[in-house]
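Participant: Protein chains in written order, with numbering that gives the first Met the number 0: chain B, 0 to 474; chain S, 0 to 474; chain A, 0 to 474; chain C, 0 to 474.
Quick reminder that beta carbons are idealized off the backbone N, C-alpha and C, glycines included.
There are 4 protein chains.
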Amino acid sequence: MRKINEECGVFGIFAPEKADVAHLTYYGLFALQHRGQESAGIVVNDDGVFRVHKDDGLVNDVFTPRIMETLGEGNMALGHVRYGTTGSKGVVNAQPIVVRHIKGTMALAHNGNLVNSYELREALEEEGSIFHTTSDTEVISYMITKERINACSIEEAISRALKKIKGAYSLIVMSPQKMIAVRDPNGFHPLCYGQRADGAYVIASESCALDSVGAKLIRDVLPGEMLVFTKGGVLSVKDNCDAAKHAMCVFEYIYFARPDSVLDGYSVHEARRKAGEFLAEEYKVDADVVIGVPDSGSDAALGYAKRSGIPYGVGLIKNKYIGRTFIAPGQKSRENLVRIKLNAVPASVAGKRVIMVDDSIVRGTTSGPIVKLLRDAGAKEVHMMVAAPPFLNPCFYGTDIDSKENLIACKHTVREIADIIGVDSLGYLNPKYLPYLAGDGKKGFCTACFDGKYPTEVPSEIRKNKFESKITEKE
Amino acid sequence: MRKINEECGVFGIFAPEKADVAHLTYYGLFALQHRGQESAGIVVNDDGVFRVHKDDGLVNDVFTPRIMETLGEGNMALGHVRYGTTGSKGVVNAQPIVVRHIKGTMALAHNGNLVNSYELREALEEEGSIFHTTSDTEVISYMITKERINACSIEEAISRALKKIKGAYSLIVMSPQKMIAVRDPNGFHPLCYGQRADGAYVIASESCALDSVGAKLIRDVLPGEMLVFTKGGVLSVKDNCDAAKHAMCVFEYIYFARPDSVLDGYSVHEARRKAGEFLAEEYKVDADVVIGVPDSGSDAALGYAKRSGIPYGVGLIKNKYIGRTFIAPGQKSRENLVRIKLNAVPASVAGKRVIMVDDSIVRGTTSGPIVKLLRDAGAKEVHMMVAAPPFLNPCFYGTDIDSKENLIACKHTVREIADIIGVDSLGYLNPKYLPYLAGDGKKGFCTACFDGKYPTEVPSEIRKNKFESKITEKE
Amino acid sequence: MRKINEECGVFGIFAPEKADVAHLTYYGLFALQHRGQESAGIVVNDDGVFRVHKDDGLVNDVFTPRIMETLGEGNMALGHVRYGTTGSKGVVNAQPIVVRHIKGTMALAHNGNLVNSYELREALEEEGSIFHTTSDTEVISYMITKERINACSIEEAISRALKKIKGAYSLIVMSPQKMIAVRDPNGFHPLCYGQRADGAYVIASESCALDSVGAKLIRDVLPGEMLVFTKGGVLSVKDNCDAAKHAMCVFEYIYFARPDSVLDGYSVHEARRKAGEFLAEEYKVDADVVIGVPDSGSDAALGYAKRSGIPYGVGLIKNKYIGRTFIAPGQKSRENLVRIKLNAVPASVAGKRVIMVDDSIVRGTTSGPIVKLLRDAGAKEVHMMVAAPPFLNPCFYGTDIDSKENLIACKHTVREIADIIGVDSLGYLNPKYLPYLAGDGKKGFCTACFDGKYPTEVPSEIRKNKFESKITEKE
Amino acid sequence: MRKINEECGVFGIFAPEKADVAHLTYYGLFALQHRGQESAGIVVNDDGVFRVHKDDGLVNDVFTPRIMETLGEGNMALGHVRYGTTGSKGVVNAQPIVVRHIKGTMALAHNGNLVNSYELREALEEEGSIFHTTSDTEVISYMITKERINACSIEEAISRALKKIKGAYSLIVMSPQKMIAVRDPNGFHPLCYGQRADGAYVIASESCALDSVGAKLIRDVLPGEMLVFTKGGVLSVKDNCDAAKHAMCVFEYIYFARPDSVLDGYSVHEARRKAGEFLAEEYKVDADVVIGVPDSGSDAALGYAKRSGIPYGVGLIKNKYIGRTFIAPGQKSRENLVRIKLNAVPASVAGKRVIMVDDSIVRGTTSGPIVKLLRDAGAKEVHMMVAAPPFLNPCFYGTDIDSKENLIACKHTVREIADIIGVDSLGYLNPKYLPYLAGDGKKGFCTACFDGKYPTEVPSEIRKNKFESKITEKE
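1. Grab me the residues of S/F62's own chain with a C-beta within less than 6 Å of its C-beta, minus the 5 sequence neighbours each way, in chain order.
2. Report the option in C/I153, C/L216, C/A437 and C/K371 whose CA atom is closest to the CA atom of C/R338.
3. Using a Cβ-Cβ cutoff of 8 Å, what residues of the segment 134 to 154 of chain A are near chain C? List them in chain order.
4. Could you confirm whether any beta carbon from chain C is found closer than 8 Å to the beta carbon of B/V181?
5. Are the beta-carbon atoms of S/F255 and S/R99 separated by less than 8 Å?
6. How is the alpha helix (DSSP H) around S/G367 delimited, first residue to last?
7. When you compare the CB positions of B/H22 and B/M67, do they come within less than 8 Å of one another, or not?
8. Are there 16 or more other CB atoms within 10 angstroms of the CB of S/P307, so buried, or fewer, so exposed?
9. 8 Å is my cut-off, CB to CB: does A/H100 come that close to chain S?
10. Pairs of beta-carbons, one from the segment 232 to 240 of chain B and one from the segment 41 to 50 of chain B, closer than 8 Å: are there three or more?
11. 8 Å is my cut-off, CB to CB: does C/C445 come that close to chain A?
12. What residue range does the alpha helix (DSSP H) around A/S211 cover?
13. Please tell me whether A/V9 has its Cβ less than 8 Å away from any Cβ of chain C.
14. Cα separation between C/G291 and A/G302?
15. May I ask which residues mark the beginning and end of the beta strand (DSSP E) holding S/H109?
16. A/H109 CB to nearest chain S CB: under 8 Å?
17. Going by the DSSP bridge assignment, what does C/I12 pair with across the sheet?
18. Counting only C-beta atoms, is B/G367 closer than 8 Å to chain S at any point?
19. Measure from the C-beta of B/V90 to each C-beta in chain C and report whether the shortest distance is under 8 Å.
20. Along the chain, which unbroken stretches of the beta strand (DSSP E) at least 3 residues long are found entirely within the segment 48 to 73 of chain B?
21. May I have the straight-line CA-CA distance separating B/N92 from S/G377, to the nearest angstrom?
22. Can you name the residues of chain C whose CB is closer than 9 Å to the CB of A/C207?
23. For C/E6 and C/E280, what's the separation of their Cα atoms in angstroms?
24. Take every Cβ of the segment 106 to 114 of chain S, pair it with every Cβ of the segment 12 to 22 of chain S, and state whether three or more of those distances are shorter than 8 Å.
25. Would you kindly check if the distance between the Cβ of S/Y168 and the Cβ of S/V181 is under 8 Å?
26. Quick check: what's the CA-CA separation for C/E121 versus B/S174?
27. Report the rounded CA-to-CA distance for A/I153 versus A/L161, giving the unit in angstroms.
28. Would you please verify whether the beta carbon of S/Q194 is less than 8 Å from any beta carbon of chain B?
29. In the DSSP assignment, the beta strand (DSSP E) including C/H100 goes from what residue to what residue?
30. Can a CB atom of chain B be found closer than 8 Å to the CB of S/Y435?
31. Is it right to say C/K403 is buried, meaning 16 or more other beta carbons lie within 10 angstroms of its own, or is it exposed?
32. Which class does B/C409 belong to by DSSP, given the choice of helix, strand or coil?
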């Protein structure tokens, strides 16, 4: 059983009085669905009584009208969508998790990954703690609970616990009376909050979820900040803030987040356009049309087209029914799956020299068939522009970058990759441009997957392996 | 129970030998899913033995791996996706229909609508015929069966039957040994065929379905043509062809078909771009950005941007998980549904004069909330361009244009509509441009929903009402 | 595709005014579930508007609360449960069937099997009729519809049609205004009617269904009788009655019907007790305990015990969760399925000479493992008594007696069978007692499956084969 | 959220080598389905790797063929079926629970209820422990884990932990290499073990589960005994055994267990027969027939009939499709639910004086309608015999006896109850006979629900309330 690295979405709402918080959380999670399609969960807090439902599946499948009815109304709710890797399947790892402890009940929803969870877990186990899941969220629950014994409030317990926790966390904790949102000092993953016209506060991974429930964005939760929502209002605790450490994951802008979201003040759509412009700056290609690979390549393609002066066109159409739920129904006639998902628009590419822009290349296995689609539709030349640098390093902060042995850029030169996927030329975004995608270049970003510069210490392989081997240890 | 008007998709495959035709049909239907989301069906013909499965739902839901296994292999298969209106729900109306008659078994899949079905049905009933469905396809089955008694072949029976049938039909009939594709003399709806590298012939409503199974488009079935696929090859019968009558539904180009399809030789994507260009020609607006309403407004927006010189931008993002399966989970907090589906990109529209391009306006109820999204995101002005003329008349050929009382253009002037949806200006496509969307203006199109010029006689209201009242008649 | 031979259950309700007839039909079908577990259907007649739902599965699975809601209220309803053989799977064959014809709409639910359906179907096909199903019910629909053209009422049309139909039918027809129940002149299968305190008439295959909806049994529909239920009351038409032809299926008493039902005036439970008594009369065995094989062997075991004076005991327990829905989950560990369903009670059989009574032996494959259970639990001797004679002939009237090659009694002597299943002695019911199970021996029964004396002409093999071969004929 | 009192079934298998233990556990749980229908779970131990699936529902619904496949093979497996009360719904409380702790992984399946769980839980919480469920099983997991830190083996840890645990537990623990079965010193609930021909050891709540997988019963786990199954064989630890304390729940014999099970050496079927005989001894009634209320009243009815000399008859038939899954589909026509489940056999009761035997009376709400069924079917007199004494006290050991305010015997005299349910006379089993149902009267039983004599100290109301109130405490 391997440790779960996951990209997730969190959503919380704190209403001034009893309201339909379950449905609002549903809509918020639906807007964050792109951050996790493995499982979904909602906990409604009805004046101290917690009602929870979570299951594997998409938000719209997990929360049927009948289930929504059982959740009922409340004054607070907490929701989570999870992207899990193969090893972590099973509803047991679904979030939010709800635990009962010495001072009552607590629900937690977490996006991120701790770098010292092995050590923390080991220490907890030595005291006799038991774990139902393999998730960091359970470790965090324990850490908070241990501090809660002597702390005079839940926020004090969280504050103390976080001093011992290292890594990436955009976390929302719901107690019977309070909702607390915290973001790690590096601010690896986004977290923002806003307010609805009815006074309800809304906290979410991305601003698009605020929009979906009609909440106005107030601001992002600052890296290192803790916000405490109570009947009395919102309290900000900034003990842990240190602007020098800011290191938002740059891949949130490039791929994870929705283009209509604004993260730490910068538009995701704009960041992608700029990536396209930087590519056009660096790679001059003589071509007739610039097209994007749906969905996320289109923004960068528009930027490339604008800067290069080559017309933008729609060269590839994605079947809009494909979703994440598409199951290829059988083995016998393994039709080219790319052909099921995408199709070329001959009118846009036939007889033309095409610049195809995609967000990134991971394994390099899907780019080839896409290029073939374009050539079959009559493209004379295909040049590929990639709106991210080559992936070279693992991520320890909660995103599921493939292992080194699968990353094509770890094994091949750019020239070789161009040959493998069959393009006439290939250009990756120069890493030097990364700080300029969202900001003026002075803001810090985590770019470790591209350049190996980790903003924190990272788990030693020895400890990690020790932990993992224990899972299947024999008595 | 009202008569079903439906837009549908048909797909047939005729393989040289036993093959995995069920899966190929699955992929073909999946590519045609946009033409019908109500029900899906596949009939496999395994050397004269017909195995069928059909049910309400999307292709990917209806055809589970277990179901696909029961369909098995065969040398032919026929598939159908159906868009049904409220009154026609129920698996009984799902297609293809399979009937046993004097000379064996026959399966039919049909896209279109007959204009003389009431009369035909009445005559059949007077002879003692019984009907299990309310669909035209069952009427056609009877007409063919009656002729089959004395005809020397199934194709002769079809040919004779079609002489009595009036209206729109893109029809595929599968007999134990043959597959026959026919298109009505007006060619209201598209139908084309192609061939795979393995020799299998493929017939489909749109070329995108051919692409999805790796078949090369040979050509469209001609209006009035009958194609007979047998082991011996393909036979074309053109007794019924009359170029003077050509009247392809122009709304197939504007809205129904997929942009990557090529219908009767013209690219759907290009037709939409052209609509945008014609709009730019007619309406000069001083603006900063041109955006499309996803999905189908984007193509026309690109055309408008190109011709007008105003930059194209991405101003609205559609939640890609919305699908057709999205069920708003409850009534309590009827959040603005438009806000769940779409969101504005502030970076693209804030402080700008925006031209918003959409494919059409039917009831006019969704445009207003979309405009509000843009204004909330900071748009200074919003001008709306519609890539179709106003809807003014009902369709009798198989598309489900809303009834007159619901069509906003039947009740309001353009100025009034602009006020209702809250835009600074509003421009509809001038009907004079319709013949130029796909072709040089010499080809005939059906534009009846816009201008009331029906290419055939249409059902008299008296007969129609008489028929419908009978359904609930008392004995 | 083979012809469907099926045992089924029918249920109809005719209320004096709009009422919750769907739920009452649900309860009635639930009481008749033992007569058919393959599919279930209900048609509600709401003042001439027919709402229908039918699907494969058990009543409780097919009719979810949501589905029941869509059926709504009405003044009449018709229901059906079907037992289908492998070849007839598929919701297309589910009943009731609803057809639209020249004079309106009609729903039919049928239990039985026609002996001249091949001829009737052939004649209909020669006139151009098409068939959606392989069921006799569709043939009957056509026959009635053809007569309806010139008949002055639905009951006249039914009456005329039935003159041409031969075989077994317990049939309920629902028109917009009337409900008509008919039973074939031989009265092969049961059909009775009664009335609820609220005045609603209820028609059902067995009286247990009347009990379940609180209706008092009035009497059985007479063989050959037609009952017409209208707002004006109940009309009996007895043109077709002929007491000389009475031939109720004796196996209804032995196995099919529920023991709490009363058929044609005789208790099913009593008939089974009597079978046990007759066995005790004929076979004197020195033993310590008489046990029954659950469920239907217990009644006969009680009779045997009473007549023989040997104590009755509970020797076998059936797992009450086994249902018809039990699916053995995998192939790897094919545990003895009999052991999953049944278990011996050691206290009842250990060290004892056991008489085990079962209702019948068909293939003889399950009796052996049951005997082994008893021996493993310590039984010293096991003697088997069978409450029916040996099966030797096929049934043409709607019950699915296995084919001759599978009937153990067609291939082995009683002595051989005793050895095969491992009992110390084996006794079958002597056929001479059959007329005395339900009555004084003067009433006629169909005992063809035991003695080959068919009460009607039966289908010639030649015609039958001709028909079946046509299904897969090549054009 | 109230504390869960539950009756459950546990099943474990320890195979000498890799085998299809998942399917065997499936069959075992299916045999124990009557002990719990709320949820089901299986954990397969494949050489230290634990694969788990559990969900709400019946065994046959939870474990689909696809799920069984994912469980795969292993050398051990542990299973559980749970009967939960309304408050405890939710898959989070499903068992077995799997926890990771300092020395690896452990799975637990538990039947019973601790009487000091509040105190244990409180102490654990004070040390910072968190709880995901409200079940005692999680408390036990912690107790074992805490001891595991310093214990040299899992069995030592269990042994130490159990010294602190009070109440009822029939528990199976599975570690990577061992399976340990323990039963509390009172032996409140049954637990036995046996062996299959292939050498695999099987542990189960009842012997019927051993029968279902072909295992031969070796003996019951003794009250207070711990059995350790390892590759080396079976080790019995009897430190905790004290014959003086034996107090098997007598209601296991009367109602819970399956009649084909043998518990602590006594046949359940025989115990019920004897209850009937004791009733006949005490209550002489002049009557014509003795009938049982299915399912569990029949055994006692046979005993009554035998001792009294009045003939036994089948007077009530239960619809065998009712299962636990029956959902009454709607509210409109709340037909008498008893009539849906049961029906009278007129031939057995009409015109007769009937003695009706049932296993027990709890609320007294269903007996009345059953009596009415018999009277409607013509019974002249109805006398009711109850094979248990009146319920007067709550159970703290894991069975869900209704609360005092709902127990009819707490509020009414026997005479009043007879009037309420409409019988001519009513007799309860005299408590003095209880020790003789299973044994010679010298064996100890827990009869607390009848006589209030609790074999252990019981939870003080004060502590219990304190705990429960904390669940919804405000911070």
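Facilitator: Per the coordinate set shown:
1. Y25
2. C/K371
3. none
4. no
5. no
6. For S/G367, the enclosing alpha helix (DSSP H) stretches over residues S366 to D375.
7. yes
8. A small fix is needed here, since residue 307 of chain S is Ser in this sequence, not Pro. So S/S307 ends up on the buried side.
9. Chain S has a Cβ within less than 8 Å of the Cβ of A/H100.
10. Segments in contact, no.
11. Put simply, the CB of C/C445 is far from chain A, with every gap to its CB atoms at 8 Å or more.
12. S206 to S211
13. no
14. 17 Å
15. G103 to L113
16. Not an interface residue.
17. C/A76 and C/V201
18. no
19. Closer than 8 Å: yes.
20. Listed in chain order, the complete beta strand (DSSP E) runs (minimum 3 residues) inside the segment 48 to 73 of chain B are 48 to 55.
21. 41 Å
22. Here the neighbours are I316, N318 and N342.
23. 32 Å
24. no
25. yes
26. 19 Å
27. 12 Å
28. no
29. I96 to H100
30. no
31. exposed
32. helix
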